[in-house]
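J.:
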Amino acid sequence: MMMTRSRLAGFVPPLISLLLAAAVSAVVILALGEDPLNIGRVMFSGSLGSLRSIANTLEEATPLIFTGLCVAVAMKCGLFNIGGEGQLVVGAFAAAWVGVKLTGLDPVSHVVICIAVAGMAGAMWALIAGVLKARFGAHEVINTIMLNYVAFIVTNYLVNLAYFKKPGQIPQTEDVAGTALLPRLDFIYTYTRLNLGFILAVLAVIVVFLILERSKLGFEIRSVGLNPLASRASGISVVSNTIIAMAIGGFLAGLGGAERVLGVHKHFISPFPFGYGFAGIAVALLGRNKPFGVLLAAIFFGALASGGAQVDMETRVPRELVTVIQAIVIIFVACEYLVTKMGIRIRGVATSE
Amino acid sequence: MDYVVRMKDITKRFPRVVANDRVNLNIKEGEIHALVGENGAGKSTLMNVLYGLTRPDGGEVCVRGDVLPASTGFLGLDYGIGMIHQHFMLIGQFTALENIILGAEPRLGPMLDMRKARDRVQNLMDEYGIEVDLDRRIDALSVGEEQRVEILRVLYRDAHIIIMDEPTAVLTPQETRSLFSTLKMLTQSGRTVVFITHKLEEVMAMADTVTVMRAGSMIGTMPISETDVAGLAEMMVGRRIEDMPERDADITYEHILKIEDVSLRSAKGQQLLTGISLEVHAGEIFGICGVDGNGQDELFEVLIGLRRPTQGRVIFLERDITHDPTSRRLKAGMAHIPPDRIRMGLVGDFTVRENLILGRHTDGRFSGRVFLKARAVAESADSLVRDFEIEPPVPEMQAGLLSGGNQQKVIAARELSRDPELLIASQPTRGLDIGAARMIHDLIVRQADSGQSVFLISADLSEVMKLADRIGVMYRGAIVGVVERTEATEENLGLMMAGAKA
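As you go down the protein sequences, you meet chains A and Y in turn.
For any residue, its number in our numbering is found by taking its place in the first sequence, counting from 1, and adding 1003.
For any residue, its number in our numbering is found by taking its place in the second sequence, counting from 1, and adding 35.
(1) What beta strand (DSSP E) runs, 3 residues minimum, are completely inside the stretch 44 to 103 of chain Y?
(2) State the Cα-Cα distance for the pair G429 (chain Y) and L1021 (chain A), rounded to the nearest angstrom.
(3) Taking the continuous beta strand (DSSP E) assigned at G1140 (chain A), which residues delimit it?
(4) Are any of the Cβ atoms in chain A nearer than 8 Å to that of I339 (chain Y)?
(5) Cβ atoms of K1293 (chain A) and V1002 (chain A): under 8 Å apart, would you say?
(6) Distance, Cα to Cα, T521 (chain Y) vs R505 (chain Y)?
(7) For A533 (chain Y) and N329 (chain Y), what's the separation of their Cα atoms in angstroms?
(8) Below 8 Å, how does it come out for the stretch 1218 to 1229 of chain A and the stretch 1139 to 1153 of chain A: are there three or more Cβ pairs, yes or no?
(9) Could you pull out every residue in the same chain whose Cβ sits closer than 8 Å to the Cβ of T46 (chain Y), ignoring the five residues on either side in sequence?
(10) Are the Cβ atoms of V1076 (chain A) and A1097 (chain A) separated by less than 8 Å?
(11) I'd like to know if N1151 (chain A) contacts chain Y, where contact means its C-beta is closer than 8 Å to some C-beta of that chain.
(12) Might you give, ordered along the chain, the residues of its own chain that have their beta carbon closer than 7 Å to the beta carbon of A1154 (chain A), omitting 5 neighbours on each side?
(13) Give a yes or no on whether 8 Å exceeds the smallest Cβ distance from A1236 (chain A) to chain Y.
(14) By the 7 Å beta-carbon criterion, what residues does the stretch 391 to 415 of chain Y contribute toward chain A?
(15) Is there a Cβ of chain Y sitting closer than 8 Å to that of L1051 (chain A), yes or no?
(16) Going by CA-CA distance only, name the one from A:T1326, A:A1337 and A:R1319 that's closest to R1291 (chain A).
(17) Could you pull the start and end residues of the beta strand (DSSP E) that Y510 (chain Y) belongs to?
(18) Report the neighbours of N1084 (chain A) on chain Y: residues whose CB is nearer than 7 Å to its CB, in chain order.
(19) Tell me, please, which residues DSSP counts as bridged to E295 (chain Y).
(20) Sorted by chain position, which residues of the same chain lie with C-beta nearer than 6 Å to I1328 (chain A)'s C-beta, five sequence neighbours on each side aside?
(21) Given that a residue counts as buried once 16 or more other Cβ atoms are within 10 Å of its Cβ, and exposed if not, what is T1354 (chain A)?
(22) Which one or two residues does DSSP pair with Y38 (chain Y) in a beta bridge?
(23) Counting only the same chain and skipping the five closest in sequence on each side, list residues whose C-beta sits under 6 Å from that of S1050 (chain A).
(24) What residue range is occupied by the uninterrupted beta strand (DSSP E) comprising Q306 (chain Y)?
(25) What does the Cβ neighbour count give for Y114 (chain Y), buried or exposed, with the cut at 16 atoms within 10 Å?
(26) Quick one, are the C-beta atoms of Y191 (chain Y) and I126 (chain Y) less than 8 Å apart?
(27) From this set, A:S1243, A:I1118 and A:A1024, which residue's C-alpha is nearest R1138 (chain A)'s C-alpha?
(28) Assign H1142 (chain A) to one of two classes, buried (16 or more other C-beta atoms within 10 Å of its C-beta) or exposed (fewer than that).
(29) Taking CB distances under 8 Å as the criterion, tell me whether L334 (chain Y) reaches chain A.
(30) Taking 8 Å as the CB-CB cut-off, is R378 (chain Y) touching chain A?
(31) According to DSSP, is S252 (chain Y) part of a helix, a strand, or is it coil?
(32) Pull up the CB-CB distance for V39 (chain Y) and I62 (chain Y), whole angstroms please, since I reckon it's below 8 Å.
(33) Using a Cβ-Cβ cutoff of 8 Å, what residues of the stretch 1247 to 1269 of chain A are near chain Y? List them in chain order.
(34) Would D296 (chain Y) and S312 (chain Y) qualify as a contact pair, given that the criterion is a beta-carbon distance under 8 Å?
(35) Could you check what DSSP says for G1305 (chain A) in three-state terms: helix, strand or coil?
(36) Rounding to the nearest angstrom, what Cα-Cα distance links L1188 (chain A) and G1283 (chain A) in this structure?
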């Protein structure tokens, strides 16, 4: 009874943030001399108004689900993994590598192998930061940011090698073998880029939920995240849980990279589309680091992206406005986070005798 | 009657709690007035109201006939009221003198007039027989000296009514006695002292008048001659407290824990523990006493495996565990109640249920290879919450929201449910009220009576003397001496706590 009430209450502050963000966005649109209601209508029709729009929204949401989970899992362990970006890119490259070079497999095993390798690659990438943090106390924020650059540069170097590069001016690989492609969900809408990766992402949400909330490992990860000292005193290893949480996050981001390559682009291209990893931070923030919260938040950001594209096509408002709206949402959500935290502090002081 | 302070119908409500419910308190000029009550009884709130830190929701405060303004920003010092908090508010890098004058510095033009300041402070020290080295930095002072600096601070500001919150909690018996004589001299010169405490022996030894509070209400005020420790305890708790049962000590010579020449140096080269050797036998309660900060916490951390000693060995159940991680020690039959329950004993944002399996979650009872067994976890939590009378009995509640006593019960429930060979309990009753402390004491005794052992670290001398079979005294990271309970007196332990060899 207590829990359901707090669960419902948990939805209220993000909703208020979203409403406030909408209000501020409306003011911005007014300032641009446009009609906010009209823009809102276009955004809605572009994101949820038709099967095509819904498919676009979910397609945009898919990598964000992975990177959002990546941030959330680390956050549960008290870690701020800003490296989703790099982990995703490394995963994408690995998926392209195995997708192009490994041939003669049946579609199921080829896809599974590509995805597994991509996940492992992302996990290994995150592991570097995890080990540096756990063993030497090097701050994961710095490490993961730096590793993002390294990931982009290294994959750029690799893709330019003759072994990988498709002949031509553009630094990209050949398309992956047909057996490695994630099937498109074109029964929803014929020309969609939405693919099986979305189903995979939803499964990942469920698996992450089970790990975090029901498993021994998740119990330890959350315990370490909330109180490392008490965890150590109870025999829970902060070192290994830190490493594992980073690796799980990296694995998830790597899957996101695989989805982009195997389901959307079909090849790896350098520089790889940028921003999924960072958007994942906002997604985790809005989703309160809860797996299903991340799913909803990712779909929301996906809707903003697909609706924004529609706004770009149909109105004189530039697409960048959508980025502004995203930023406003993030700012409000971040503020709300601080306010609720501070609210608890203030009340805590008042009741302590 | 000549009252210097009259508090009438003071009411203070906090969300969910009424901290003070129409409390009346009258304090006579020149007396030592003790304010006793359990945690959460509303003592500190009442004193914060008097000092002007907290604004009451109702009632009025008169000091020497003046009604104090109810506005915020009022500071008791304007009315000659000084308050010394339990945690001293001093600046470590400043000297004692600088701290004393801080905020009321005498000036000579734009400069500090240190000479005038020193003269005034010196006069106060002479008048009341308080000794402090004024030129030493606070960092370098003992707790007792810091407290004297705090007293000088309020005297320097001409406080005539001095409020002290738990002044003896961190003192050795000798320091306590010296504090008491200082307070006596203060009252002889007409000043008034109000002190909050839960140590009833001190009330009897020290106070002229005592006021008892319980659950936000005032139970009564009486001269000390009209009451005794048992009577006060009953008024505080609201029921009779039975005497502790006799220890049924059946100590064998089989050692459970053996510490061999353990030393610990910090990364910066500071010597934290020096050559500690001792044995704890089966069925024994071994007590460690000492003033806080003499290596007890470090010894605790070495024993449970959070730190590796730089030298020496720890043998547990005939096995060298010096380099074992905490998890292996716990599996081998160790359990512990850490000194800082909120930081080390609990995950405050976890539920009570989750806290009750912390560290036990790998037990086959509670988990399979991957998943926790939710039903087993819940059933165990339900029965522990019931057996240990955890209030409120809601396993889904966040542990951080429980009162200190109930948090400690959660920890004790978890640790004792391991059925440990050795319980290492550090400051197990610090800050607990009588009822909860009593429960923890009973659990410790029961543990030893069943033939298992307890390593009890406590700064509370009376606790150690009451429970332990043998007592080791720590001073500056070393064991100064070990005495049998029968030979232990407050006097000899107190001397050792101050560093004198046994």
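All C-beta atoms, glycine included, are put in the ideal place defined by N, C-alpha and C.
Since we're looking at a predicted model, the values are computed, not measured.
T.: For this structure:
(1) 52 to 63, 67 to 71 and 93 to 98
(2) Position 394 of the second sequence holds residue 429 (chain Y). Position 18 of the first sequence holds residue 1021 (chain A). Per the sequence shown, the amino acid found at residue 429 (chain Y) is Val instead of Gly. Distance between the alpha carbons of V429 (chain Y) and L1021 (chain A): 34 Å.
(3) Mapped onto the first sequence, residue 1140 (chain A) falls at position 137. Note, G1140 (chain A): premise wrong, no beta strand (DSSP E); not H, not E.
(4) Sequence index remark: in the second sequence, residue 339 (chain Y) carries index 304 (1-based). Yes, I339 (chain Y) counts as interfacial toward chain A.
(5) What is shown of chain A runs 1004 to 1356, which leaves residue 1002 (chain A) out entirely.
(6) Taking the second sequence and counting its residues from 1, the one referred to as residue 521 (chain Y) is at position 486. Taking the second sequence and counting its residues from 1, the one referred to as residue 505 (chain Y) is at position 470. So the alpha carbons of these two residues sit roughly 9 Å apart.
(7) For the purposes of this step, residue 533 (chain Y) is taken as the residue at position 498 of the second sequence. For the purposes of this step, residue 329 (chain Y) is taken as the residue at position 294 of the second sequence. A533 (chain Y) and N329 (chain Y): Cα-Cα distance of roughly 10 Å.
(8) no
(9) For the purposes of this step, residue 46 (chain Y) is taken as residue 11 along the second sequence, with counting starting at 1. Answer for T46 (chain Y): V53, N55, D56, R57, V58, P91, D92, G93 and G94, listed in chain order.
(10) Here residue 1076 (chain A) refers to the residue found at position 73 of the first sequence. Here residue 1097 (chain A) refers to the residue found at position 94 of the first sequence. Not in contact: V1076 (chain A) and A1097 (chain A) (Cβ atoms no closer than 8 Å).
(11) In the first sequence, residue 1151 (chain A) corresponds to position 148, counting from 1. By this cut-off, N1151 (chain A) is not an interface position.
(12) The residue labelled residue 1154 (chain A) in the question sits at position 151 within the first sequence. Excluding positions up to five away in sequence, the list reads G1089, V1092, V1093 and W1128.
(13) In the first sequence, counting from the first residue as 1, residue 1236 (chain A) sits at position 233. It does: the Cβ of A1236 (chain A) has a partner Cβ on chain Y nearer than 8 Å.
(14) L393, G394, H396, T397, S402, V405, F406 and L407
(15) Taking the first residue of the first sequence as 1, we reach residue 1051 (chain A) at position 48. Chain Y, which has no Cβ nearer than 8 Å to the Cβ of L1051 (chain A), makes this no.
(16) As a first step, residue 1291 (chain A) is located in the first sequence; it is residue number 288 there, counting from the start. Looking at the Cα atoms, A:A1337 is the closest of the given residues.
(17) To locate residue 510 (chain Y), count along the second sequence from 1; it is residue 475. R505 to Y510 is the span of the beta strand (DSSP E), which, as asked, contains Y510 (chain Y).
(18) Locating residue 1084 (chain A) in the first sequence gives position 81, counting from the first residue. Near N1084 (chain A) there are no residues of chain Y at all, since even the closest Cβ is about 20 Å away, more than 7 Å.
(19) Numbered from its first residue, the second sequence carries residue 295 (chain Y) at position 260. Beta-bridge pairing links E295 (chain Y) to Y:R348.
(20) Position 325 of the first sequence, counted from the start, is the residue given in the question as residue 1328 (chain A). Cβ within range, chain order: S1028.
(21) The residue given as residue 1354 (chain A) occupies position 351 in the first sequence. Because the pLDDT of T1354 (chain A) is 38, which lies under 50, any placement of that residue in the model is unreliable, and the question is left without a value.
(22) As a first step, residue 38 (chain Y) must be located in the second sequence, where it is residue number 3. In DSSP, Y38 (chain Y) forms a bridge with Y:K63.
(23) The residue given as residue 1050 (chain A) occupies position 47 in the first sequence. Answer for S1050 (chain A): S1056, T1060, A1306, S1309 and G1310, listed in chain order.
(24) On the second sequence, residue 306 (chain Y) is found 271 positions in, with the first residue counted as 1. Run containing Q306 (chain Y): Q306 to H316, per the beta strand (DSSP E) assignment.
(25) As a working note, residue 114 (chain Y) is residue 79 in the second sequence. Classification for Y114 (chain Y): buried.
(26) Residue numbering aside, residue 191 (chain Y) sits at position 156 when the second sequence is read from its first letter. Residue numbering aside, residue 126 (chain Y) sits at position 91 when the second sequence is read from its first letter. No; because the gap between Cβ atoms is not below 8 Å, this pair is not in contact.
(27) To locate residue 1138 (chain A), count along the first sequence from 1; it is residue 135. The shortest C-alpha separation from R1138 (chain A) is found at A:S1243.
(28) Here the question's residue 1142 (chain A) lines up with position 139 in the first sequence. Exposed, by the Cβ-count rule.
(29) As a position in the second sequence, residue 334 (chain Y) is number 299, starting the count at 1. It does not; no Cβ of chain A falls within 8 Å.
(30) Mapped onto the second sequence, residue 378 (chain Y) falls at position 343. Interface residue, yes.
(31) Sequence index remark: in the second sequence, residue 252 (chain Y) carries index 217 (1-based). If DSSP states are grouped into helix, strand and coil, S252 (chain Y) belongs with the strands.
(32) Reading the second sequence from its first residue, position 4 is the one you call residue 39 (chain Y). Reading the second sequence from its first residue, position 27 is the one you call residue 62 (chain Y). Rounded, the Cβ-Cβ distance is 6 Å, consistent with contact.
(33) none
(34) Position 261 of the second sequence, counted from the first residue, corresponds to residue 296 (chain Y). Position 277 of the second sequence, counted from the first residue, corresponds to residue 312 (chain Y). Contact: yes.
(35) Here residue 1305 (chain A) refers to the residue found at position 302 of the first sequence. Three-state result, G1305 (chain A): helix.
(36) For the purposes of this step, residue 1188 (chain A) is identified with residue 185 of the first sequence, where counting begins at 1. For the purposes of this step, residue 1283 (chain A) is identified with residue 280 of the first sequence, where counting begins at 1. Each residue's Cα considered, the two are about 23 Å apart.
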